[in-house]
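K.L.:
Mind having a look at this structure? Questions to follow.
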Amino acid sequence: MVEVKGIGRTGWVNIHTDKIFETERVYLDTRIPILQRGECIEMGKTQYPIQVKIPEECLSSYESQFGTIRYQMKIDLIATTEQASCSEIFPIVVLSRSFFDDIPANIMSPIDFKDEVDFTCCSLPFGCVSVVVSLPRTAYRLGETVEAQVTINNRTRKGLKEVTLQLGMKTQFEARSRYEHVNEKKLSEQLIEMIPLGAVRARCRMEFEKCHIRIPDGAPPTQNYNMGGGEAAIIAIHYILKMTAIPGIECEIPLIVTSRGYSDSNKQAAFVLHTRRGKNQNDANQKR
(Lines of atoms letter the chains of each structure in order from A and count residues from 1; the text may use other names and numbers.)
(Lines give C-alpha, C1' and ligand atoms only; values in the text may rest on other atoms or scores of the structure.)
Protein backbone atom coordinates (compact mmCIF):
# COMPACT_ATOMS: atom_id res chain seq x y z
CA MET A 1 0.00 0.00 0.00
CA VAL A 2 1.29 3.46 -0.95
CA GLU A 3 0.01 6.43 1.02
CA VAL A 4 0.73 10.00 -0.09
CA LYS A 5 -0.05 12.77 2.38
CA GLY A 6 0.35 16.52 2.58
CA ILE A 7 -0.31 18.12 5.96
CA GLY A 8 0.09 21.71 7.12
CA ARG A 9 0.54 22.42 10.82
CA THR A 10 0.88 25.63 12.81
CA GLY A 11 1.34 25.96 16.55
CA TRP A 12 2.91 27.89 19.40
CA VAL A 13 2.42 28.76 23.07
CA ASN A 14 1.50 32.30 24.10
CA ILE A 15 4.04 33.10 26.81
CA HIS A 16 1.79 35.77 28.35
CA THR A 17 -1.37 33.68 28.72
CA ASP A 18 0.07 30.12 28.54
CA LYS A 19 -2.53 29.32 25.90
CA ILE A 20 -1.72 26.62 23.37
CA PHE A 21 -2.49 27.41 19.73
CA GLU A 22 -2.45 24.70 17.07
CA THR A 23 -4.09 24.03 13.71
CA GLU A 24 -3.79 21.22 11.19
CA ARG A 25 -4.94 21.12 7.56
CA VAL A 26 -4.80 18.12 5.22
CA TYR A 27 -4.04 19.15 1.65
CA LEU A 28 -3.42 15.72 0.15
CA ASP A 29 -4.46 12.23 1.26
CA THR A 30 -4.24 9.48 -1.37
CA ARG A 31 -3.92 5.71 -1.01
CA ILE A 32 -2.82 3.48 -3.87
CA PRO A 33 -2.81 -0.33 -3.56
CA ILE A 34 0.25 -1.92 -5.16
CA LEU A 35 -0.97 -5.52 -5.06
CA GLN A 36 -4.36 -7.10 -5.26
CA ARG A 37 -5.74 -8.78 -2.17
CA GLY A 38 -3.99 -12.12 -1.69
CA GLU A 39 -1.28 -11.38 -4.28
CA CYS A 40 2.33 -11.99 -3.23
CA ILE A 41 5.63 -10.49 -4.40
CA GLU A 42 7.97 -12.98 -5.99
CA MET A 43 11.60 -13.25 -4.99
CA GLY A 44 13.87 -10.74 -6.68
CA LYS A 45 13.62 -7.14 -7.78
CA THR A 46 10.17 -5.84 -8.70
CA GLN A 47 9.22 -2.35 -9.85
CA TYR A 48 5.77 -0.78 -9.63
CA PRO A 49 5.11 2.49 -11.48
CA ILE A 50 3.20 4.91 -9.25
CA GLN A 51 1.64 8.19 -10.34
CA VAL A 52 0.06 10.64 -7.92
CA LYS A 53 -1.40 13.93 -9.12
CA ILE A 54 -0.72 16.88 -6.84
CA PRO A 55 -3.83 19.11 -6.76
CA GLU A 56 -3.30 22.68 -7.96
CA GLU A 57 -4.57 24.11 -4.68
CA CYS A 58 -1.83 22.37 -2.68
CA LEU A 59 0.58 24.75 -0.97
CA SER A 60 4.36 24.67 -1.30
CA SER A 61 6.50 22.73 1.14
CA TYR A 62 7.63 24.92 4.01
CA GLU A 63 9.57 24.54 7.28
CA SER A 64 9.72 27.05 10.13
CA GLN A 65 9.49 27.39 13.89
CA PHE A 66 5.78 28.18 14.01
CA GLY A 67 4.47 26.11 11.11
CA THR A 68 5.27 23.47 8.52
CA ILE A 69 3.80 22.12 5.30
CA ARG A 70 5.12 18.63 4.65
CA TYR A 71 4.45 16.03 1.99
CA GLN A 72 5.45 12.41 2.24
CA MET A 73 5.04 9.02 0.60
CA LYS A 74 4.60 6.05 2.93
CA ILE A 75 4.99 2.48 1.67
CA ASP A 76 3.71 -0.42 3.78
CA LEU A 77 4.81 -3.97 3.02
CA ILE A 78 2.92 -6.56 5.06
CA ALA A 79 4.31 -10.09 5.14
CA THR A 80 3.12 -13.30 6.75
CA THR A 81 5.26 -12.57 9.79
CA GLU A 82 5.71 -9.36 11.74
CA GLN A 83 9.50 -9.53 11.45
CA ALA A 84 9.31 -9.49 7.65
CA SER A 85 6.85 -6.57 7.46
CA CYS A 86 8.22 -3.07 7.02
CA SER A 87 7.13 0.52 6.53
CA GLU A 88 9.19 3.28 4.90
CA ILE A 89 8.50 7.03 4.66
CA PHE A 90 9.96 9.18 1.86
CA PRO A 91 9.64 12.98 2.12
CA ILE A 92 8.48 14.86 -0.98
CA VAL A 93 9.12 18.53 -1.81
CA VAL A 94 6.15 20.22 -3.50
CA LEU A 95 6.34 23.58 -5.24
CA SER A 96 3.00 25.17 -6.08
CA ARG A 97 2.57 26.39 -9.64
CA SER A 98 2.03 30.11 -10.18
CA PHE A 99 2.50 32.20 -13.31
CA PHE A 100 2.77 35.82 -14.37
CA ASP A 101 -0.62 35.34 -16.04
CA ASP A 102 -2.23 35.10 -12.59
CA ILE A 103 -1.26 38.63 -11.52
CA PRO A 104 -2.45 42.08 -12.76
CA ALA A 105 -0.67 43.37 -15.86
CA ASN A 106 0.32 46.70 -14.26
CA ILE A 107 2.59 44.86 -11.81
CA MET A 108 4.84 43.97 -14.77
CA SER A 109 5.41 47.69 -15.59
CA PRO A 110 8.29 49.89 -14.34
CA ILE A 111 7.55 51.77 -11.15
CA ASP A 112 9.18 54.30 -8.82
CA PHE A 113 8.54 53.96 -5.10
CA LYS A 114 8.92 57.33 -3.39
CA ASP A 115 9.16 58.06 0.31
CA GLU A 116 10.14 61.07 2.37
CA VAL A 117 11.25 61.15 6.00
CA ASP A 118 10.98 64.49 7.81
CA PHE A 119 13.26 64.96 10.80
CA THR A 120 11.61 67.30 13.31
CA CYS A 121 12.50 67.76 16.97
CA CYS A 122 10.49 69.99 19.32
CA SER A 123 8.76 71.64 16.34
CA LEU A 124 12.16 72.53 14.87
CA PRO A 125 12.69 71.17 11.35
CA PHE A 126 16.09 69.58 10.73
CA GLY A 127 15.49 68.75 7.07
CA CYS A 128 14.16 65.70 5.30
CA VAL A 129 15.43 62.70 3.33
CA SER A 130 13.82 61.73 0.02
CA VAL A 131 14.12 58.14 -1.19
CA VAL A 132 13.26 56.81 -4.66
CA VAL A 133 13.56 53.09 -5.46
CA SER A 134 13.12 52.35 -9.17
CA LEU A 135 12.19 48.84 -10.31
CA PRO A 136 11.48 47.49 -13.81
CA ARG A 137 8.57 45.52 -12.29
CA THR A 138 7.40 44.15 -8.95
CA ALA A 139 6.75 40.54 -10.02
CA TYR A 140 9.55 38.01 -10.40
CA ARG A 141 9.91 34.26 -10.61
CA LEU A 142 12.16 32.05 -8.53
CA GLY A 143 15.80 32.29 -9.54
CA GLU A 144 15.46 35.77 -11.08
CA THR A 145 17.55 38.77 -10.09
CA VAL A 146 15.90 41.94 -8.85
CA GLU A 147 17.69 44.96 -10.33
CA ALA A 148 16.92 48.18 -8.49
CA GLN A 149 18.14 51.76 -8.62
CA VAL A 150 18.12 53.68 -5.35
CA THR A 151 18.24 57.48 -5.27
CA ILE A 152 18.66 59.26 -1.94
CA ASN A 153 18.47 63.04 -1.52
CA ASN A 154 19.73 63.90 1.95
CA ARG A 155 18.68 67.47 2.80
CA THR A 156 19.71 67.26 6.46
CA ARG A 157 22.88 68.36 8.22
CA LYS A 158 23.67 64.81 9.26
CA GLY A 159 25.00 62.02 7.07
CA LEU A 160 23.28 58.68 6.57
CA LYS A 161 25.19 55.54 7.51
CA GLU A 162 24.83 51.84 6.75
CA VAL A 163 22.57 52.22 3.73
CA THR A 164 21.45 48.72 2.71
CA LEU A 165 19.06 47.02 0.32
CA GLN A 166 17.44 43.85 1.67
CA LEU A 167 15.29 41.06 0.31
CA GLY A 168 13.05 39.57 2.99
CA MET A 169 10.26 37.08 3.37
CA LYS A 170 7.31 37.75 5.67
CA THR A 171 5.32 34.77 6.87
CA GLN A 172 1.98 34.96 8.66
CA PHE A 173 0.79 31.95 10.65
CA GLU A 174 -2.70 31.33 11.96
CA ALA A 175 -3.66 28.84 14.65
CA ARG A 176 -6.60 28.22 16.98
CA SER A 177 -6.46 27.96 20.75
CA ARG A 178 -6.96 24.44 22.01
CA TYR A 179 -9.79 25.17 24.46
CA GLU A 180 -11.27 28.61 23.65
CA HIS A 181 -11.27 27.98 19.85
CA VAL A 182 -10.10 31.52 19.14
CA ASN A 183 -7.80 32.21 16.19
CA GLU A 184 -4.51 34.02 16.67
CA LYS A 185 -1.99 35.19 14.10
CA LYS A 186 1.78 35.38 14.35
CA LEU A 187 4.09 37.23 11.97
CA SER A 188 7.74 36.44 11.36
CA GLU A 189 10.27 38.06 9.03
CA GLN A 190 13.28 36.34 7.51
CA LEU A 191 16.20 38.10 5.84
CA ILE A 192 17.15 36.36 2.58
CA GLU A 193 19.90 38.63 1.28
CA MET A 194 21.37 42.03 2.10
CA ILE A 195 23.72 44.19 0.07
CA PRO A 196 25.47 47.23 1.60
CA LEU A 197 25.24 50.45 -0.43
CA GLY A 198 27.50 52.66 1.67
CA ALA A 199 26.78 56.08 3.14
CA VAL A 200 25.27 59.41 2.05
CA ARG A 201 26.89 62.65 3.15
CA ALA A 202 24.93 65.57 4.58
CA ARG A 203 23.16 67.79 2.03
CA CYS A 204 24.05 65.41 -0.76
CA ARG A 205 22.18 63.50 -3.46
CA MET A 206 23.42 60.05 -4.44
CA GLU A 207 22.32 57.37 -6.88
CA PHE A 208 23.05 53.69 -6.34
CA GLU A 209 22.68 51.94 -9.68
CA LYS A 210 22.51 48.23 -10.49
CA CYS A 211 21.64 46.97 -7.03
CA HIS A 212 21.25 43.24 -7.72
CA ILE A 213 19.53 40.80 -5.36
CA ARG A 214 18.81 37.26 -6.50
CA ILE A 215 15.71 35.34 -5.42
CA PRO A 216 16.74 31.79 -4.40
CA ASP A 217 15.55 28.89 -6.55
CA GLY A 218 14.54 26.78 -3.55
CA ALA A 219 12.41 29.44 -1.87
CA PRO A 220 8.61 29.02 -1.77
CA PRO A 221 6.66 31.37 -4.08
CA THR A 222 4.24 33.99 -2.80
CA GLN A 223 1.41 32.27 -0.98
CA ASN A 224 -1.72 34.34 -0.52
CA TYR A 225 -3.68 34.24 2.69
CA ASN A 226 -6.99 33.45 1.02
CA MET A 227 -6.72 30.87 -1.72
CA GLY A 228 -9.23 31.94 -4.36
CA GLY A 229 -11.93 32.91 -1.92
CA GLY A 230 -12.08 29.45 -0.36
CA GLU A 231 -10.67 28.19 2.89
CA ALA A 232 -7.97 30.49 4.22
CA ALA A 233 -4.40 29.19 4.23
CA ILE A 234 -2.88 28.80 7.67
CA ILE A 235 0.52 29.92 6.34
CA ALA A 236 0.80 33.01 4.11
CA ILE A 237 4.11 33.97 2.48
CA HIS A 238 4.99 37.41 1.09
CA TYR A 239 8.22 38.99 -0.16
CA ILE A 240 9.48 42.52 0.42
CA LEU A 241 12.34 44.67 -0.84
CA LYS A 242 13.51 46.99 1.92
CA MET A 243 15.89 49.94 1.90
CA THR A 244 17.27 50.94 5.30
CA ALA A 245 19.68 53.56 6.59
CA ILE A 246 20.74 55.01 9.93
CA PRO A 247 19.17 56.99 11.51
CA GLY A 248 15.60 55.77 11.15
CA ILE A 249 15.24 55.43 7.36
CA GLU A 250 13.19 52.48 6.12
CA CYS A 251 11.37 52.02 2.81
CA GLU A 252 9.49 48.75 2.23
CA ILE A 253 8.28 47.56 -1.19
CA PRO A 254 6.06 44.48 -1.64
CA LEU A 255 7.08 41.97 -4.31
CA ILE A 256 5.25 39.05 -5.90
CA VAL A 257 7.28 35.89 -6.54
CA THR A 258 5.94 33.14 -8.80
CA SER A 259 7.34 29.69 -9.44
CA ARG A 260 7.25 30.15 -13.23
CA GLY A 261 7.04 32.86 -15.88
CA TYR A 262 4.19 33.02 -18.38
CA SER A 263 2.24 29.82 -19.00
CA ASP A 264 1.97 30.71 -22.70
CA SER A 265 5.28 29.91 -24.44
CA ASN A 266 4.84 32.78 -26.92
CA LYS A 267 4.30 35.30 -24.12
CA GLN A 268 7.29 33.93 -22.24
CA ALA A 269 9.55 34.19 -25.31
CA ALA A 270 8.41 37.78 -25.95
CA PHE A 271 8.95 38.65 -22.29
CA VAL A 272 12.52 37.27 -22.31
CA LEU A 273 13.32 39.17 -25.51
CA HIS A 274 11.89 42.40 -24.10
CA THR A 275 13.90 41.99 -20.89
CA ARG A 276 17.15 41.46 -22.79
CA ARG A 277 16.55 44.48 -25.01
CA GLY A 278 15.85 46.68 -22.01
CA LYS A 279 18.99 45.49 -20.25
CA ASN A 280 21.19 46.05 -23.32
CA GLN A 281 19.74 49.54 -23.78
CA ASN A 282 20.43 50.47 -20.17
CA ASP A 283 24.01 49.22 -20.45
CA ALA A 284 24.52 51.27 -23.62
CA ASN A 285 23.14 54.43 -21.98
CA GLN A 286 25.46 54.03 -19.01
CA LYS A 287 28.53 53.63 -21.27
CA ARG A 288 27.70 56.92 -22.97
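The numbering of the sequence shown is the UniProt record's numbering, which starts it at 1 and goes up by one. Even glycine gets a Cβ: it sits at the ideal position worked out from N, Cα and C. Just so we're clear, the structure is a prediction, and the values are computed from it rather than from any experiment.
#1: Examine the Cβ distances between the segment 82-94 and the segment 235-249 and report whether three or more of them are shorter than 8 Å.
#2: With H, G and I counted as helix, E and B as strand and the rest as coil, what does DSSP make of MET1?
#3: For ILE50, which residues of its own chain have a beta-carbon under 7 Å away from its beta-carbon, when the five flanking residues on both sides are left out?
#4: Note down the Cα distance separating THR222 from THR258, rounded to an integer number of angstroms.
#5: Can you round the beta-carbon distance between MET194 and THR164 to whole angstroms, since I take them to be within the 8 Å contact cut?
#6: Report yes if the CB atom of THR30 is closer than 9 Å to the CB atom of ARG9, and no otherwise.
#7: State the Cα-Cα distance for the pair TYR140 and GLY44, rounded to the nearest angstrom.
#8: What does a CB cutoff of less than 7 Å around MET243 pick up in its chain, not counting 5 residues either side in sequence?
#9: Jot down the residue ranges of each uninterrupted beta strand (DSSP E) in the segment 27-109, minimum 3 residues, whole runs only, in chain order.
#10: Is GLY228 helix, strand or coil by DSSP?
#11: Please go through the same chain and pick out, in chain order, the residues whose beta-carbon is closer than 8 Å to the beta-carbon of ILE103, but skip the five residues on each side of it.
#12: Let me check understanding here. Comparing Cα to Cα, which of PHE66, PRO136, SER61, GLU116 lies closest to HIS212?
#13: Which one of THR80, LEU59, GLY143, ALA199 has the shortest CA to CA distance from ILE41?
#14: Could you check the C-alpha separation between VAL13 and LYS210 for me, to the nearest Å?
#15: Roughly how many angstroms separate the alpha carbons of GLU57 and PHE99, rounded to a whole number?
#16: Using the C-alpha atoms, what's the distance from CYS204 back to SER64?
#17: Do ALA236 and PHE66 count as a contact pair if the criterion is CB distance below 9 Å?
#18: If we count the other Cβ atoms within 10 Å of its Cβ and call it buried at 16 or more, is THR275 buried or exposed?
#19: Can the beta-carbon of GLY127 be found closer than 9 Å to that of ARG70?
#20: For ALA199 versus GLU147, is the C-beta distance shorter than 9 Å?
#21: Go ahead and label GLY261 buried or exposed: buried means 16 or more other beta carbons lie within 10 angstroms of its beta carbon, across all protein chains shown.
P.N.:
Let's see:
#1: no
#2: Residue numbering aside, residue 1 sits at position 1 when the sequence shown is read from its first letter. Coil, per DSSP.
#3: Within the sequence shown, numbered from 1, the residue matching residue 50 stands at position 50. Only VAL2, ILE32 meet the Cβ criterion.
#4: What you label residue 222 is simply residue 222 of the sequence shown in a count that begins at 1. What you label residue 258 is simply residue 258 of the sequence shown in a count that begins at 1. Taking the straight line from one Cα to the other gives about 6 Å.
#5: Position 194 of the sequence shown, counted from the first residue, corresponds to residue 194. Position 164 of the sequence shown, counted from the first residue, corresponds to residue 164. Indeed they touch by this definition, with Cβ atoms about 5 Å apart.
#6: Here residue 30 refers to the residue found at position 30 of the sequence shown. Here residue 9 refers to the residue found at position 9 of the sequence shown. Taking 9 Å as the Cβ cut-off, THR30 and ARG9 do not qualify as a contacting pair.
#7: As a working mapping, residue 140 is identified with position 140 in the sequence shown. As a working mapping, residue 44 is identified with position 44 in the sequence shown. Cα to Cα, the separation comes out at about 49 Å.
#8: On the sequence shown, residue 243 is found 243 positions in, with the first residue counted as 1. Correct list, in chain order: VAL131, VAL133, VAL150, LEU165, CYS251.
#9: 67-77, 86-92
#10: Residue 228 sits at position 228 when you count from the first residue of the sequence shown. Here the model assigns GLY228 a pLDDT of 49, short of 50, so the residue's position is not dependable and the matter cannot be decided.
#11: As a position in the sequence shown, residue 103 is number 103, starting the count at 1. Excluding sequence neighbours, ILE103 sits near ALA139, ILE256, THR258.
#12: Locating residue 212 in the sequence shown gives position 212, where the first residue counts as 1. It is PRO136 whose Cα lies nearest to the Cα of HIS212.
#13: Residue mapping note: residue 41 aligns to position 41 of the sequence shown, counting from 1. Nearest option by C-alpha distance: THR80.
#14: Residue numbering aside, residue 13 sits at position 13 when the sequence shown is read from its first letter. Residue numbering aside, residue 210 sits at position 210 when the sequence shown is read from its first letter. For VAL13 and LYS210, the distance between alpha carbons rounds to 44 Å.
#15: For the purposes of this step, residue 57 is taken as the residue at position 57 of the sequence shown. For the purposes of this step, residue 99 is taken as the residue at position 99 of the sequence shown. Cα to Cα, GLU57 sits roughly 14 Å from PHE99.
#16: Counting from 1 along the sequence shown, the entry for residue 64 is found at position 64. Counting from 1 along the sequence shown, the entry for residue 204 is found at position 204. Each residue's alpha carbon lies about 42 Å from the other.
#17: Taking the first residue of the sequence shown as position 1, residue 66 is located at position 66. Taking the first residue of the sequence shown as position 1, residue 236 is located at position 236. Contact: no.
#18: In the sequence shown, residue 275 corresponds to position 275, counting from 1. With fewer than 16 other Cβ atoms within 10 Å, it is exposed.
#19: Numbered from its first residue, the sequence shown carries residue 127 at position 127. Numbered from its first residue, the sequence shown carries residue 70 at position 70. No; because the gap between Cβ atoms is not below 9 Å, this pair is not in contact.
#20: Numbered from its first residue, the sequence shown carries residue 199 at position 199. Numbered from its first residue, the sequence shown carries residue 147 at position 147. Their beta carbons are not under 9 Å apart, which means ALA199 does not touch GLU147 by this criterion.
#21: For the purposes of this step, residue 261 is taken as residue 261 along the sequence shown, with counting starting at 1. By the neighbour-count rule (16 or more Cβ atoms within 10 Å), GLY261 is buried.
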